[in-house]
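The structure appears right after this line, and notes come after that.
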Amino acid sequence: MKKFATAVNCMDGRVQEPVINFLKNNYGVDYVDMITEPGPDKILAENTDKFKINSIKERVDISINKHGSGIILMVGHGDCAGNHVDKQTHISETLSSVELLKSWFTNIEVIPVWIDENWIVNVL
Numbered sequence: 152m153k154k155f156a157t158a159v160n161c162m163d164g165r166v167q168e169p170v171i172n173f174l175k176n177n178y179g180v181d182y183v184d185m186i187t188e189p190g191p192d193k194i195l196a197e198n199t200d201k202f203k204i205n206s207i208k209e210r211v212d213i214s215i216n217k218h219g220s221g222i223i224l225m226v227g228h229g230d231c232a233g234n235h236v237d238k239q240t241h242i243s244e245t246l247s248s249v250e251l252l253k254s255w256f257t258n259i260e261v262i263p264v265w266i267d268e269n270w271i272v273n274v275l
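Note that our numbering numbers the sequence shown so that position 99 is 250, with each residue one more than the last.
Here you go:
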């Protein structure tokens with residue numbers, strides 16, 4: 152049976168391959184369901200745009216309950232057009248986002264990561 156992971160990721164095309172490769176190489180998954188938004192760390196950390204929040208939650212739920220994903224990667228990255236803030240703010244928002252995701256999906260591992268200026272995935 153093929154294994155899935157879930158990534159709550161920015162829509163920025165520069166971060167897609169690093170995230171997929173990281174999950175395949177470090178967690179032995181075959182497929183990665185990408186849940187993308189511009190600046191998802193900000194969206195989830197602020198937790199105010201109920202339409203976007205519910206959309207993200209529904210898509211992650213499908214990945215977990217229909218594809219059997221056993222892991223969620225929460226991604227923050229620099230030079231984000233949808234959330235143009237400094238690195239420390241991104242990291243703080245990414246960590247806050249992890250807490251929200253954990254509250255929704257209590258039995259799933261949620262891992263916060265930062266993608267640096269060299270497009271390397273770093274676990275926070």
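We put the CB at the ideal spot given by N, CA and C, even for glycine.
Its Cα nearest to that of residue 225, the residue 166 stands out among 166, 152 and 217. Taking 8 Å as the cut-off, the Cβ atoms of residue 155 and residue 235 do not count as close.
In the DSSP annotation of this structure, the continuous segment of the alpha helix (DSSP H) that includes residue 255 starts and ends at 238-255. By alpha-carbon distance to residue 207, the top candidate from 169, 249 and 241 is 249. Within the DSSP bridge table, the entry for residue 260 names 222 as partners. CA-to-CA, the gap between residue 157 and residue 232 works out to about 22 Å. Note on residue 254: under 16 other CB atoms within 10 angstroms of its CB, so exposed under the neighbour-count rule.
Between residue 223 and residue 159, the C-beta spacing is below 8 Å. Separation of residue 172 and residue 266 (C-alpha to C-alpha, rounded to the nearest whole angstrom) is 12 Å. Here residue 251 is near residue 195, since their CB atoms are less than 8 Å apart. Runs of the alpha helix (DSSP H) lying entirely within the stretch 164-208 and spanning at least 4 residues, in chain order: 167-178 and 191-197. When DSSP states are grouped into helix, strand and coil, residue 216 belongs to the helix group. For the set 185, 153 and 240, the Cα lying nearest the Cα of residue 179 is the one of 153.
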